[in-house]
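Using this note's numbering, you'd call the opening residue of the sequence shown number 12 and step up by one each time. Ideal placement from N, C-alpha and C gives every residue a C-beta, glycine not left out. Note that the coordinates shown come from a computational prediction; the quantities given were computed from them, not determined experimentally. For reference, the structure is listed below as structure tokens.
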Amino acid sequence: MKKVYGVVWNGSSSHYVYGTLYTDKNKAQRIAEKTTAKIHWLRRRLLGLKYYVREFELEEE
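This is the structure in structure tokens:
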């Protein structure tokens with residue numbers, strides 16, 4: 012099993028996972044912060060957008 016990290020909006024795996032999965036948790040965190048900064052502050056507040064860096068496990072073939 013290989014651990015990877017992805018950015019999950021609103022904290023549920025059923026919600027949108029942003030972009031790519033990363034093997035480095037810190038890189039996933041930086042991508043999440045940059046993406047959040049691009050969304051207008053009022054829209055973020057109205058939608059209640061929050062992101063979480065979630066760990067996933069991939070089976071290696």
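With respect to the 8 Å criterion, alanine 39 and valine 64 are classified as neighbours on the basis of their beta carbons.
DSSP places leucine 69 within a strand segment (E or B) once states are collapsed to three. Taken through DSSP and simplified to helix, strand or coil, lysine 61 comes out as coil. Under the three-state reduction of DSSP output, threonine 46 falls in the helix class. A residue is called buried once 16 or more other Cβ atoms fall within 10 Å of its Cβ, and glycine 59, having fewer, is exposed.
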